[in-house]
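Engineer: To start, I am sharing the structure in question, which I have written as structure tokens.
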Amino acid sequence: MPYCLNPRCDKPINPEKTNFCQNCGQRLRLGDRYSAYQPLGQGRSSRTFLGMDTHQILDPRCVLKEFPMGTDADALRQQTARLAELSEHPQIPNVLAYFERDRWQYLVQEFVDGRSLLRQLQEEGTFDEAQIREMLRTVLPVLQYLHDHFVIHRDVKPDNLVRRSDRSGTLMLVDFGAVKFSTQSTLGNTGTFLGSAEYAAPEQLMGKATTASDLYSLGASCLHLMTGLSPFDLFDSAQGEWRWRSVAVGISDSLACLLDRMMANSLSDRYATAAEILRDLGASPTQIQLAASWKKPVWSAIWQDAGTEKWECVQTIEVAQEVNALALVPDGIITAHNDGTPRRWDASTGVMVRIFEGHEHCVSCIAIAQDEATMVSGSQDQSLRVWDVNTGNVQHVLRGHRGKVTAIALDTSLLISASHDETIRLWELPSGQPLGVLQGHTHPIESLAYDPASQILVSGDAGGFVKLWYLGTRELLRTLSGHTARVSAVALIAATQTTLSSSWDMTLKLRDLNTGGLRRNLTGHLLPISALALELNHNLLATGSHDMLIKLWNPHDGKLQSVLSGHTGSVDALAFGAQGDCLWSGGRDRTLRCWKPAHLI
């Protein structure tokens, strides 16, 4: 029966075919697709559930992991994207989806149907040397694969080694809830201990896990499987020595020495890599590469679905600041940053040519007027500033919002601004005189789009709602629901009467402007979508995401055209060139990138 994911719900079990918890009212499904059914375990700050994917018929089972959204929320988003890429390996479960809801983060992974080595030990008895050698030859390549990608599992143990019950019998490494993504500069940093203490290396117990810590844990797992005893019972803490050889039966000196070296207390005495252990086991040099060469269709399928037109990055500009927004002007790009100063860059040379000084806090949005000589910026300082693009002079400072200004839309004589104060304000241009306030949102507003010809305004908020307004009468036409997280960007296609909205729920919805009916629901990003841009002359829709990818779609049929990779951080800003022959992107990796289709390079 569906299980409520609200940690404060005291009656979480619900009847079948219910959409909301009958006790607390919480929505039971994530993304209207995944439901929790049975708790599987609980860590210090996370919970794991057996879940059901309502879109799957043959085997709907999946695993849901729930994490509180803390100061490291963005780190988990990035880790999810990395895990999705790593799960191409056949011995790592697929990442199916990621969600954020009510200050909680949810990772949905493939359910591995099989038997763990711990359960095999309990049912069949201790492992002999041949079984241990076979297990090492199978598990070490996947550890080498993880370590080559700077990933430390941190919880290698018999219960997390599961042999599939299908014909393949693949031995899977599961439960990546304690995974650590590392670089050479962070390997020695002290962090929180995660894992299972009886299998953990000494340095891991002190919060300083390294890749060699996984090798120690694998060695300790071997001792458990060979003896049936916990590693705690096999270690003489008074002498600081392992006392397992007298318990294990029929183990050769060569394997015993190898295991002792895997579990050496000192890192200098321990094996440094899985490849070294494989060599001493007598494995062939190609064995490490064997597993890595077999890819499951996760990210690869996304590329296979893409059109034949390939886009390539032709220019990268280092901007030294995270890019919150960008806009194009003749021969240049203007970017918005957290330090409160928009900057103008020469598109051909990549040189900064002007700084716009005046805002007191982070600049979150910018827009260029049709005359291409006027820019408007919105800031966390609750103000808007109207600038002369060519001189950098401030023409007006507009105040009225009581929260961060998050979005701007412009017409020849109209400025529209939205804010976290849940209001939309209208201003006359060029005078800057206030014209009115639109109220109706009950959540901070995140995005705006305006079509001057029809006078239709679209706004999206942090509650997942999209509102349609007619500015001729300043009337709210309708409210569209469906997103389960903040609406990061909106757009309009007047010719087809379509509104588009992207969200942190990782979906892009195309809906009928008149009825609100859903036309297409595009998915593919594995982390929140943070930006979108339209280029209708070439039927292109671009989306940028926290998964560091840009996807190009056909907005009419919803087909994926191309996937652009290269950014090393969230892609938060996108803009097509005036002729549609290039796309500019910016984000948290502090770069601007220019992309062009291959046939134009």
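The opening residue of the sequence shown carries number 958 in our numbering; numbering runs sequentially from there. Note that CB positions come from ideal geometry on N, CA and C, so glycine has one too.
1) Grab me the residues of Ala1277's own chain with a C-beta within less than 8 Å of its C-beta, minus the 5 sequence neighbours each way, in chain order.
2) What is the DSSP secondary structure of Val1343, counted as helix, strand or coil?
3) Spatial neighbours of Leu1497 within its chain, please: CB distance less than 6 Å, with the 5 preceding and 5 following residues excluded, ordered by chain position.
4) What separation, rounded to the nearest whole angstrom, lies between the Cα atoms of Asp1462 and Thr1363?
5) Who are the near neighbours of Ala1054 in its chain, counting only those whose CB is closer than 6 Å to its CB and skipping five residues on each side?
6) Counting along the chain, where does the alpha helix (DSSP H) carrying Asp1463 start and finish?
7) So what does DSSP say about Gln1278, is it helix, strand or coil?
8) In whole angstroms, give me the CA-to-CA distance for Gly1197 and Leu1033.
9) From the DSSP output, in three-state form, read off Ala1565 for me.
10) In angstroms with no decimal places, state the Cα-to-Cα distance between Arg1431 and Ile1014.
11) Which stretch, first to last residue, makes up the beta strand (DSSP E) that contains Pro970?
12) If I follow the unbroken beta strand (DSSP E) through Ile1450, where does it start and stop?
13) For Phe1189, name the three-state secondary structure that DSSP assigns.
14) Suppose you measure from the CA of Gly1307 to the CA of Pro1554; what does that come to, to the nearest Å?
15) Quick one: is Phe1192 buried, meaning 16 or more other Cβ sit within 10 Å of its Cβ, or exposed?
16) Give me the DSSP bridge partner(s) of Asp1418.
17) Could you check what DSSP says for Gly1360 in three-state terms: helix, strand or coil?
18) Considering only their Cβ atoms, is the gap separating Tyr1102 from Leu1172 smaller than 8 Å?
19) According to DSSP, is Lys1252 helix, strand or coil?
20) Does Thr1455 come out as helix, strand or coil in the three-state DSSP assignment?
21) Who are the Cβ neighbours of Lys1424 in its own chain at under 7 Å, not counting the five residues just before and after it?
22) Can you round the beta-carbon distance between His1181 and Pro1115 to whole angstroms, since I take them to be within the 8 Å contact cut?
23) In three-state terms, what does DSSP make of His1353?
24) Tell me, to the nearest whole angstrom, how far the beta carbon of His1524 is from that of Gly1544; I am working on the premise that it is less than 8 Å.
25) Thinking C-alpha only, which one of Asn1347, Gly1473, Asp1296 and Glu1045 is nearest Met1129?
26) Per DSSP, which one or two residues make a beta bridge with Gln995?
27) Of all the alpha helix (DSSP H) runs that stay within the bounds of the stretch 1015-1066, which reach a length of 4 or more residues?
28) Can you confirm whether the stretch 1084-1094 touches the stretch 1048-1062 when touching is taken to mean that 3 or more C-beta pairs between the two stretches lie within less than 8 Å?
Structural biologist: Reading off the structure:
1) If we look at Ala1277 and ignore the five residues flanking it on each side, its Cβ neighbours are Arg1547.
2) It is a strand residue.
3) Apart from sequence neighbours up to five positions away, the residues of its chain that approach Leu1497 with a beta-carbon distance below 6 Å are Leu1509, ordered along the chain.
4) When rounded, the distance between both Cα atoms is 19 Å.
5) Within the same chain, Ala1054 has close Cβ partners Val1065.
6) The question names Asp, yet the displayed sequence has Met at residue 1463. No alpha helix (DSSP H) holds Met1463; DSSP gives it neither H nor E.
7) Looking at Gln1278 - three-state DSSP - the assignment turns out to be coil, as it is neither helix nor strand.
8) As the crow flies, the alpha-carbon of Gly1197 is around 37 Å from that of Leu1033.
9) The chain is shown only over 958 to 1558; residue 1565 falls outside these bounds and no answer can be derived.
10) Their backbone Cα atoms lie some 47 Å apart in a straight line.
11) First, the amino acid is wrong: residue 970 is Ile here, not Pro. Run containing Ile970: none; DSSP gives neither H nor E here.
12) According to the DSSP assignment, Ile1450 belongs to the beta strand (DSSP E) that extends over Val1444 to Ile1450.
13) In this structure, DSSP gives Phe1189 a helical state, which the three-state scheme calls helix.
14) Cα to Cα, the separation comes out at about 20 Å.
15) Under the 10 Å beta carbon count, Phe1192 is surrounded by 16 or more other beta carbons and is classified as buried.
16) Looking at the DSSP output, Asp1418 shares a beta bridge with Ile1402.
17) Looking at Gly1360 - three-state DSSP - the assignment turns out to be coil, as it is neither helix nor strand.
18) No.
19) Residue confidence is low: Lys1252 scores 42 on pLDDT, short of 50, so the model does not pin down where it sits. Its coordinate-derived value is still stated next. DSSP places Lys1252 in coil when its eight states are reduced to three.
20) Secondary structure of Thr1455 (DSSP, three-state): strand.
21) Taken in chain order, the residues that qualify are Gly1397, His1398, Ser1416, Leu1433 and Thr1436.
22) That belief holds up - the Cβ atoms of His1181 and Pro1115 are roughly 6 Å apart, short of 8 Å.
23) Here His1353 sits in strand by DSSP.
24) Going by Cβ atoms, the distance from His1524 to Gly1544 rounds to 6 Å, so yes, they are a contact pair.
25) Out of Asn1347, Gly1473, Asp1296 and Glu1045, Glu1045 has the C-alpha closest to the C-alpha of Met1129.
26) Answer by DSSP bridge pairing, in chain order: Leu1007.
27) List check, alpha helix (DSSP H) in window: 1030-1043.
28) The answer is no - the stretch 1084-1094 does not touch the stretch 1048-1062, with fewer than three Cβ pairs under 8 Å.
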